[in-house]
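Asks: Per my numbering, the very first residue in the sequence shown carries number 11; after that it's consecutive. Positions of the beta carbon are idealized from the N, C-alpha and C atoms, including for glycine.
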Amino acid sequence: MIPARIPAGVSPEAIVLAEAGRGRGQPDGPVALALVLLGATAAGWAAERLHVPAPWLVGPLAVTVLLRLAAGLPRAVPGGFLVAAQVVLGLGIGLSSRPDALRTVGHSAGALLLVVVVTTAASVLGGYLLARWTGIDVSSGLLGSLPGAASGIVAMSTNLGTDPRVVATLQYLRVVAVAAAGPLLTAALEGWIGSGRLPAPGPPAGAGGAAARAALAQAGGVAGAPLWIPPSHYPALAAAACLAALLAGRLRLPAPNFLGPFTLGLALRWAGVETGTVPPVLQSLALALIGVSVGARFDRGTLALLGRAAAVDLGIIAGLLALSTVTGYAFHLAAGVDVATALLGALPGAMDAITAAAHDLGADTAVVAAMHLTRFLVIALAGPFLAMWLSRRVGGSVAGGCSQR
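#1: Count the other C-beta atoms from every protein chain shown that fall within 10 angstroms of the C-beta of Pro358, then say buried if there are 16 or more, exposed otherwise.
#2: With the cut-off set at 7 angstroms, would you say Val304 and Gly102 are in Cβ contact?
#3: For Gly285, which of helix, strand or coil comes out of DSSP?
#4: In whole angstroms, what is the alpha-carbon distance linking Gln293 and Arg59?
#5: Phe386: buried (16+ other C-beta within 10 angstroms of its C-beta) or exposed?
#6: Roughly how many whole angstroms lie between the Cα atoms of Thr384 and Val126?
#7: With a threshold of 16 other CB atoms inside 10 Å of the CB of Gly171, please say whether the residue is buried or exposed.
#8: For the structure I just gave you, are there three or more beta carbon pairs, one from the segment 55 to 70 and one from the segment 193 to 205, closer than 8 angstroms?
#9: Return helix, strand or coil for Ile146, following the three-state DSSP convention.
#10: Between the segment 327 to 335 and the segment 355 to 373, are three or more C-beta pairs nearer than 8 angstroms?
#11: Going by DSSP in three states, Val68 sits in which element: helix, strand or coil?
#12: When DSSP labels each residue in this structure, what does Val176 get in the three-state scheme?
#13: Under 7 angstroms, do Leu299 and Ala53 count as touching if we go by C-beta distance?
#14: Could you check the C-alpha separation between Thr74 and Leu67 for me, to the nearest Å?
#15: Nearest-angstrom Cα distance between Thr129 and Ala187?
#16: Here's the rule: buried if 16 or more other CB atoms are within 10 angstroms of the residue's CB, otherwise exposed. What is Leu77?
#17: Assign Val388 to one of three DSSP states: helix, strand, or coil.
#18: Taking the alpha carbon of Val87 as the point to measure from, which residue in Ala345, Leu153, Leu331 and Arg307 has its own alpha carbon closest?
#19: Starting from Ala86, follow the alpha helix (DSSP H) in both directions and report where the run begins and ends.
#20: Measuring alpha carbon to alpha carbon, tell me which of Leu153, Ala352, Ala390 and Pro271 ends up nearest Val377.
#21: Using the three-state DSSP reduction, which class does Val408 fall into: helix, strand or coil?
#22: What is the rounded straight-line gap between the Cα of Cys252 and the Cα of Leu139?
#23: Which class does Pro240 belong to by DSSP, given the choice of helix, strand or coil?
#24: When the Cα atoms are used, what is the spatial distance from Leu199 to Thr375?
#25: With contact counted as at least three CB pairs below 8 angstroms, one residue from each stretch, are the segment 146 to 153 and the segment 392 to 402 in contact?
#26: Tell whether a beta-carbon distance below 7 angstroms holds between Asn267 and Val93.
#27: Helix, strand or coil: which one does DSSP assign to Val8?
#28: How many angstroms separate the CA atom of Glu284 from the CA atom of Arg175?
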């Protein structure tokens, strides 16, 4: 049972996940964890050989979901592992980004805000329909369907009179679906555009990140700039990245362990400091840990909590992914950015995983992160108030409580 008041120093999200996942959040034994990580690494390697988009995200995520459903493992990724993975990815991606990338966002602010508004409106409609069709209360359905700021929404739900278990389950179903399907949808649409079935007035698919990496590689032979971070620089950069993560956390930014080091990497690039970037093998292993972490949020307890509502919600999420693909393509046409950047930036959530996947797919990671951060700010500031206002307007509760059928 979820306590009415959360004890001081205890994360509401941790209590929700422990309740919904029947013990989830407690660390696995070292042998079980080692087997899971070995399986995730093998899945990433196999996905790379099979040319799966963002293989080191999709492969480990898929195998983790299967392990969760079959054996209930892993219950959680140890916090230190996950923090290290997020810091490595954030710093590496930031150091690989183009210094002028955010100008694109500034020049296309109107189109970006329209994408955010359309995605948010569709998500709110989906939450309302979920409540109508399944009997969960409207407030929980609306909060659980907001696209982004998952941890913040879950934490706030305990103080907004909603069922935090329902909100957490809906939010993390969306995160898993977006992280798994987003890169695949992006790669499929890139293939369509490459075949000439759809117009592509902007840069070719993957041009953003590819240009950044080409420029970084070229810099390796200019003025002695290194391609990869020299080992002697590791301690200083690691300390700076950890401080950036702590500062981002104090500022209550989303995914602070990722966004803080990412911003640091961008700042170093913009300042002209040639540090090189994180070696690919470290980024691949870090991305695999992110995939395992996302997959560990999904289990039979998650599905049992909502019963039929979980299946309905997955259908609504599929519709939202289709809509985000359309809006992302429209942003590609309007803003002239490459299609991978536009599509990944328009996806509803999973910012750290999708930004990392953007790096793998050759998208412009700075623009993708800026698009997700814009949506996060809109959702975090206005989402809960909008959900509560709408729930009062439609009568607060459709059927009273959470359907278990």
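Replies: Let me spell this out:
#1: buried
#2: Taking the C-beta atoms as reference points, Gly102 is found no nearer than 7 angstroms to Val304.
#3: In the sequence as displayed, the identity of residue 285 is Thr instead of Gly. DSSP places Thr285 in coil when its eight states are reduced to three.
#4: 17 angstroms
#5: buried
#6: Rounded to the nearest whole angstrom, the C-alpha separation of Thr384 and Val126 is 8 angstroms.
#7: exposed
#8: yes
#9: coil
#10: yes
#11: helix
#12: helix
#13: Cβ distance not < 7 angstroms, so Leu299 and Ala53 don't count as in contact.
#14: 11 angstroms
#15: 16 angstroms
#16: buried
#17: The answer is helix: DSSP assigns Val388 an H, G or I state.
#18: Of the candidates Ala345, Leu153, Leu331 and Arg307, the residue whose Cα lies closest to the Cα of Val87 is Arg307.
#19: Neither: Ala86 is in no alpha helix (DSSP H) and is coded neither H nor E.
#20: Per the Cα distances, Ala352.
#21: Because Val408 sits at a pLDDT of 39, beneath the cut-off of 50, its placement in the model cannot be relied upon, and the following sentence gives the value as read from the coordinates. Per DSSP, reduced to three states, the secondary structure at Val408 is coil, with no helix or strand assignment.
#22: 42 angstroms
#23: coil
#24: In this structure, the straight-line span from the alpha carbon of Leu199 to that of Thr375 is close to 18 angstroms.
#25: yes
#26: yes
#27: No answer is possible for residue 8: the residues shown for the chain start at 11 and end at 415.
#28: 46 angstroms
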